[in-house]
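K.L.:
Structure in structure tokens, see below.
Written out as structure tokens, the structure is:
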């Protein structure tokens, strides 16, 4: 029969020769191979000290961005929650009252905004759905927690801190120009 | 018996025991490091510089872990198992000549705890006692996997002890003595037994691997099918004792191999060293260099070869090693006979 590829090999079960039957040459050969690995360069990345470079479009922990004046951009429209295939996002909307203009950019804001990091699949669809450029995925790796409850991130963990702004320009740059306006 | 001798022996016993335990402790570190290096990894390197404190951290963990005794187990025997394994492992060091004489602070130390006439028999006896620890522990666990491991250990021990004994007989016939001190002394300089008994060495080495339950003969443990074999039910320091006993056995096996076949403390050019103090220390160091080499080979083999199947193990033991050992014995006997008839 004509073989479909040239990769196939015919299995032969032939009697082993004496040298093969005493196994010692094969064992010594194997030991030589392992010994050669003894002196090879190690592949290990010493993690906390050395970190592997990650792609600019890496999708890690989420951030709720503030605008230039430090106001929260999110208007609690719920499009991210609708877009989320894992149903990880929940929110409660509230109306902005007088005197809160320096806190929230829109007239409506998210009083509660929660992402369950155990459900999240880090697909980035929330980011694509957001009309207000409020939610972004950063290059931060979600840290380890000890209980399931702690993995439900509230606004305290998601909203960008005022004193340490998170740069998401890399993620903004690959979006379509008309969306950037 | 005068008190000076008693003190000398007690000191020697404590020193040898201490060295044995220290080497066994650091064998665990060496094992992990060598395994890592052979697999292009780094190995433990977090505890201390190069991970040198790792064995201490492991021992601390072992001590403070919860010590579980299964409700359905035979409690007394369950506790005794690791004890026997550890005890027999520590006993074997007594008959090995660690050197000739060592001059320390004006004293002359004879570097052998007990110069028994039948030293090699003593060691074989205690090594085969070692399987009782495994058997009792595995049986007392009241767990089918442990029982399988224990049965495998005992049948493996029976199969390989025969070939081991037969290969030693060839050495004994050649040297004409059972005393390890004599055997070591006869291999002066580079006149090692390996030149006369290469086949015997290969058989003995294979059997030593099997007796120590080291891969590729680690069927009693067999993580992948027996989930740890005889020590499945063990935890905390009892498990630690079993693992530790294995490393002590490995150390003693290396010492026996070095003494029987590789000249023990002898090294080429030892006649040219004038100072007896220096010679004593050099002999001690030589023996340990040989031992470390064989420990390395043990580990090297473990991380190269896959485990035998049970029928392959039996096939190798009964159909290959024992006939070979008998042939080796007969050839040695013929040569010894011809030589003694001034041929």
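Protein chains in written order, with our numbering: chain A, 315 to 495; chain B, 5 to 347.
For every residue, glycine included, the Cβ atom is placed at its ideal position computed from N, Cα and C.
Report yes or no: is there a C-beta of chain D within less than 8 Å of the C-beta of residue 201(B)?
P.N.:
Absent from the structure is chain D; the protein chains it does hold are A and B.
K.L.:
Let me know the secondary structure DSSP gives residue 99(B) once reduced to three states.
P.N.:
Within the second chain, numbered from 1, the residue matching residue 99(B) stands at position 95. Of the three classes helix, strand and coil, the one that applies to residue 99(B) here is helix, per DSSP.
K.L.:
Classify residue 380(A) as helix, strand or coil using the three-state DSSP reduction.
P.N.:
Position 66 of the first chain, counted from the first residue, corresponds to residue 380(A). Three-state result, residue 380(A): strand.
K.L.:
Please tell me whether residue 476(A) and residue 378(A) are closer than 8 Å, where the distance is taken between their beta carbons.
P.N.:
Taking the first chain and counting its residues from 1, one reaches residue 476(A) at position 162. Taking the first chain and counting its residues from 1, one reaches residue 378(A) at position 64. No.
K.L.:
By the DSSP assignment, the beta strand (DSSP E) with residue 425(A) in it spans what residues?
P.N.:
Within the first chain, numbered from 1, the residue matching residue 425(A) stands at position 111. First-last of the beta strand (DSSP E) with residue 425(A): 422-430.
K.L.:
Per the DSSP calculation, residue 386(A) is bridged to which residue(s)?
P.N.:
Along the first chain, one-based indexing puts residue 386(A) at 72. Beta-bridge pairing links residue 386(A) to 380(A), 418(A).
K.L.:
Is there a Cβ of chain A sitting closer than 8 Å to that of residue 46(B), yes or no?
P.N.:
To locate residue 46(B), count along the second chain from 1; it is residue 42. It does; some Cβ of chain A falls within 8 Å.
K.L.:
Please name the residue, chosen from 313(B), 130(B), 166(B), 21(B), that lies closest to residue 219(B) on a Cα-to-Cα basis.
P.N.:
Counting from 1 along the second chain, the entry for residue 219(B) is found at position 215. Closest option to residue 219(B), Cα to Cα, is 313(B).
K.L.:
Can you give the Cα-Cα distance for residue 13(B) and residue 109(B), rounded to whole angstroms?
P.N.:
Mapped onto the second chain, residue 13(B) falls at position 9. Mapped onto the second chain, residue 109(B) falls at position 105. Whole-angstrom Cα-Cα distance: 16 Å.
K.L.:
Considering only residues of the same chain and omitting the five flanking positions on each side of residue 381(A), which have a CB-CB separation below 7 Å?
P.N.:
If you number the first chain from 1, residue 381(A) lands on position 67. If we look at residue 381(A) and ignore the five residues flanking it on each side, its Cβ neighbours are 387, 419.
K.L.:
By the DSSP assignment, the alpha helix (DSSP H) with residue 186(B) in it spans what residues?
P.N.:
Position 182 of the second chain, counted from the first residue, corresponds to residue 186(B). Run containing residue 186(B): 184-190, per the alpha helix (DSSP H) assignment.
K.L.:
State buried or exposed for residue 272(B), treating a residue as buried only when at least 16 other CB atoms are found within 10 Å of its CB.
P.N.:
Counting from one through the second chain, the residue named residue 272(B) turns up at place 268. Its Cβ having fewer than 16 others within 10 Å, residue 272(B) is exposed.
K.L.:
Could you tell me which chain A residues have their CB closer than 9 Å to the CB of residue 143(B), listed as they occur along the chain?
P.N.:
Taking the first residue of the second chain as position 1, residue 143(B) is located at position 139. The contacting residues do not exist; residue 143(B) stays about 34 Å from chain A at best.
K.L.:
Is residue 309(B) close to chain A, meaning its C-beta is less than 8 Å from at least one C-beta of that chain?
P.N.:
Within the second chain, numbered from 1, the residue matching residue 309(B) stands at position 305. At least one chain A Cβ lies under 8 Å of residue 309(B).
K.L.:
Residue 229(B) lies in the alpha helix (DSSP H); which residues open and close that run?
P.N.:
One-based indexing of the second chain puts residue 229(B) at position 225. Looking at the DSSP string, the run of the alpha helix (DSSP H) that includes residue 229(B) is 227-230.
K.L.:
What does residue 304(B) reach in chain A if we use C-beta pairs closer than 8 Å?
P.N.:
In the second chain, counting from the first residue as 1, residue 304(B) sits at position 300. Correct list: 345, 348, 349.
K.L.:
Is the beta carbon of residue 38(B) closer than 8 Å to that of residue 307(B)?
P.N.:
Locating residue 307(B) in the second chain gives position 303, counting from the first residue. Locating residue 38(B) in the second chain gives position 34, counting from the first residue. Yes. Within cutoff.
K.L.:
Are the segment 274-282 of chain B and the segment 195-215 of chain B in contact at 8 Å, needing three or more beta carbon pairs?
P.N.:
These segments do not touch.
K.L.:
Using the Cα positions of residue 104(B) and residue 269(B), report the straight-line distance between them to the nearest angstrom.
P.N.:
As a first step, residue 104(B) is located in the second chain; it is residue number 100 there, counting from the start. As a first step, residue 269(B) is located in the second chain; it is residue number 265 there, counting from the start. Near 8 Å, if we compare the C-alpha coordinates of residue 269(B) and residue 104(B).
K.L.:
Taking just the CA atoms, how far does residue 309(B) sit from residue 325(A)?
P.N.:
Locating residue 325(A) in the first chain gives position 11, counting from the first residue. Locating residue 309(B) in the second chain gives position 305, counting from the first residue. Spanning the two alpha carbons is a distance of roughly 23 Å.
K.L.:
What residue from 441(A), 361(A), 347(A), 410(A) has the CA that sits closest to residue 392(A)'s CA?
P.N.:
For this step, residue 392(A) is matched to residue 78 along the first chain. Residue 392(A) has its Cα closest to that of 441(A), out of 441(A), 361(A), 347(A), 410(A).
K.L.:
Beta-carbon separation of residue 290(B) and residue 101(B) under 8 Å?
P.N.:
Looking up residue 290(B) in the second chain gives position 286. Looking up residue 101(B) in the second chain gives position 97. No; because the gap between Cβ atoms is not below 8 Å, this pair is not in contact.
K.L.:
What do you reckon, are the CB atoms on residue 426(A) and residue 396(A) nearer than 8 Å?
P.N.:
Locating residue 426(A) in the first chain gives position 112, counting from the first residue. Locating residue 396(A) in the first chain gives position 82, counting from the first residue. No. Outside cutoff.
K.L.:
To the nearest whole angstrom, what separates the beta carbons of residue 150(B) and residue 236(B), a pair I think is in contact under 8 Å?
P.N.:
As a working mapping, residue 150(B) is identified with position 146 in the second chain. As a working mapping, residue 236(B) is identified with position 232 in the second chain. Confirmed, Cβ separation roughly 5 Å.
K.L.:
Could you tell me which uninterrupted beta strand (DSSP E) segments, each at least 3 residues in length, are contained entirely in the segment 238-311 of chain B, listed from first to last along the chain?
P.N.:
Entirely contained in the segment 238-311 of chain B, not one beta strand (DSSP E) run reaches 3 residues.
K.L.:
Identify whether residue 405(A) lies in helix, strand or coil by the three-state DSSP scheme.
P.N.:
Within the first chain, residue 405(A) is the residue found at index 91, counting from 1. Strand.
K.L.:
Relative to chain B, which residues along the segment 352-368 of chain A have a C-beta separation below 9 Å, given in chain order?
P.N.:
Listed by position along the chain: 352, 353, 354, 355, 356, 357, 358, 360.
K.L.:
Check the Cβ-Cβ distances between residue 42(B) and every residue of chain A, and say whether any is below 8 Å.
P.N.:
Start at 1 with the first residue of the second chain, and residue 42(B) comes out as number 38. Closer than 8 Å to some Cβ of chain A, the Cβ of residue 42(B) qualifies, so yes.
K.L.:
Mapping DSSP to helix, strand and coil, what is residue 330(B)?
P.N.:
Taking the second chain and counting its residues from 1, one reaches residue 330(B) at position 326. Residue 330(B): helix per DSSP, three-state reduction.
K.L.:
Quick one: which chain B residues come within Cβ less than 9 Å of residue 341(A)?
P.N.:
Reading the first chain from its first residue, position 27 is the one you call residue 341(A). What residue 341(A) touches in chain B: 305, 308, 309.
K.L.:
Select from 439(A), 400(A), 383(A), 335(A) the residue whose C-alpha is nearest the C-alpha of residue 415(A).
P.N.:
Counting from one through the first chain, the residue named residue 415(A) turns up at place 101. For the residues 439(A), 400(A), 383(A), 335(A), the minimum Cα distance to residue 415(A) belongs to 383(A).
K.L.:
Under a three-way DSSP split, which group does residue 235(B) fall into?
P.N.:
Residue numbering aside, residue 235(B) sits at position 231 when the second chain is read from its first letter. In this structure, residue 235(B) counts as helix in the three-state DSSP scheme.
K.L.:
Under the assumption that residue 210(B) contacts residue 325(B) (Cβ atoms under 8 Å), give the Cβ distance between them as a whole number of angstroms.
P.N.:
Here residue 210(B) is taken as the residue at index 206 of the second chain, counted from 1. Here residue 325(B) is taken as the residue at index 321 of the second chain, counted from 1. Right, the Cβ-Cβ distance comes to about 6 Å (below 8 Å), so this counts as a contact.
K.L.:
Apply the 10 Å Cβ neighbour rule to residue 124(B) and answer buried if 16 or more other Cβ atoms are within range, or exposed otherwise.
P.N.:
The count along the second chain starts at 1 and reaches residue 124(B) at position 120. Looking at its Cβ environment, which holds 16 or more other Cβ atoms inside 10 Å, residue 124(B) is buried.
K.L.:
Could you name the residues that DSSP lists as bridge partners for residue 207(B)?
P.N.:
Here residue 207(B) refers to the residue found at position 203 when the second chain is read from its first residue. Answer is none; residue 207(B) lacks a bridge partner.
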